[in-house]
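Numbering (this note's numbering), first residue to last: 5 to 232. Quick notes on the structure that follows.
Dropping the structure here:
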């Protein structure tokens, strides 16, 4: 696993678990990690790679409360952990159920690690749009939802022309839904991304893309809503 540059000051690190992209925003020696992944040991490798190039992690954010994005939060203990308030509630209420589900399909080594990890709740809720300083740049935190989950958080990096969108947008597969999904809210979130997101979208799964992917998701989700 290596840090892969996707935009100026923005790198991704693709985790083996669910091929989820952890994203690093860095400037002037400071770094924000978005979605640290599933296993604390892998997130520790990511943190070591960030520090090896001379950056210091100053905060962590999760785009939503699904295990593959946030179970590794304990690797960043002591740092501010940012999330949509509803994501914090979801992780508190359903984290153990997600752990049990992962144990049902994980291989022996991964299952052992997931069984032992602490489920950490983010401690810095983001109930409304706000800015976060990372080095000399301003990053925008944009809570949306309910949409893909009860509370999704988008991270905008205007200096890089990139927005980190979690699973609101995917390129590795079609959009995924579960019991926490609100299709109508997701369609509204896609409209918000069309209006406010940067030109480059960095999804949780798959390669970065442009706004053309929004139309693809809008069509599929609109069809799902009509069928329901």
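Think of the CB as a built atom: it goes at the ideal place given N, C-alpha and C, for glycine as much as any other residue.
8 Å Cβ cutoff met for residue i and residue j
{"i": "residue 136", "j": "residue 63", "result": "yes"}
{"i": "residue 125", "j": "residue 103", "result": "no"}
{"i": "residue 31", "j": "residue 74", "result": "no"}
{"i": "residue 203", "j": "residue 155", "result": "no"}
{"i": "residue 76", "j": "residue 157", "result": "no"}
{"i": "residue 163", "j": "residue 13", "result": "yes"}
{"i": "residue 85", "j": "residue 146", "result": "no"}
{"i": "residue 47", "j": "residue 79", "result": "yes"}
{"i": "residue 143", "j": "residue 37", "result": "no"}
{"i": "residue 175", "j": "residue 217", "result": "yes"}
{"i": "residue 35", "j": "residue 9", "result": "no"}
{"i": "residue 89", "j": "residue 20", "result": "no"}
{"i": "residue 197", "j": "residue 172", "result": "yes"}
{"i": "residue 167", "j": "residue 201", "result": "yes"}
According to DSSP, residues forming a beta bridge with residue i
{"i": "residue 17", "result": "26"}
{"i": "residue 135", "result": "144"}
{"i": "residue 86", "result": "65 and 128"}
{"i": "residue 11", "result": "14"}
{"i": "residue 213", "result": "205"}
{"i": "residue 60", "result": "34"}
DSSP-derived helix/strand/coil call for residue i
{"i": "residue 207", "result": "strand"}
{"i": "residue 129", "result": "strand"}
{"i": "residue 96", "result": "helix"}
{"i": "residue 81", "result": "coil"}
{"i": "residue 35", "result": "strand"}
{"i": "residue 46", "result": "helix"}
{"i": "residue 109", "result": "helix"}
{"i": "residue 121", "result": "coil"}
{"i": "residue 52", "result": "helix"}
{"i": "residue 76", "result": "coil"}
{"i": "residue 70", "result": "coil"}
{"i": "residue 114", "result": "helix"}
Alpha-carbon to alpha-carbon, residue j and residue i
{"i": "residue 188", "j": "residue 151", "result": "7 Å"}
{"i": "residue 148", "j": "residue 193", "result": "6 Å"}
{"i": "residue 100", "j": "residue 123", "result": "8 Å"}
{"i": "residue 33", "j": "residue 229", "result": "45 Å"}
{"i": "residue 206", "j": "residue 16", "result": "9 Å"}
{"i": "residue 44", "j": "residue 180", "result": "25 Å"}
{"i": "residue 71", "j": "residue 223", "result": "27 Å"}
{"i": "residue 93", "j": "residue 153", "result": "11 Å"}
{"i": "residue 106", "j": "residue 118", "result": "8 Å"}
{"i": "residue 159", "j": "residue 27", "result": "10 Å"}
Which parts of the region 138-187 are runs of the beta strand (DSSP E), unbroken and 3 residues or longer, counting only runs that do not cross its ends? 141-148, 156-161 and 166-170
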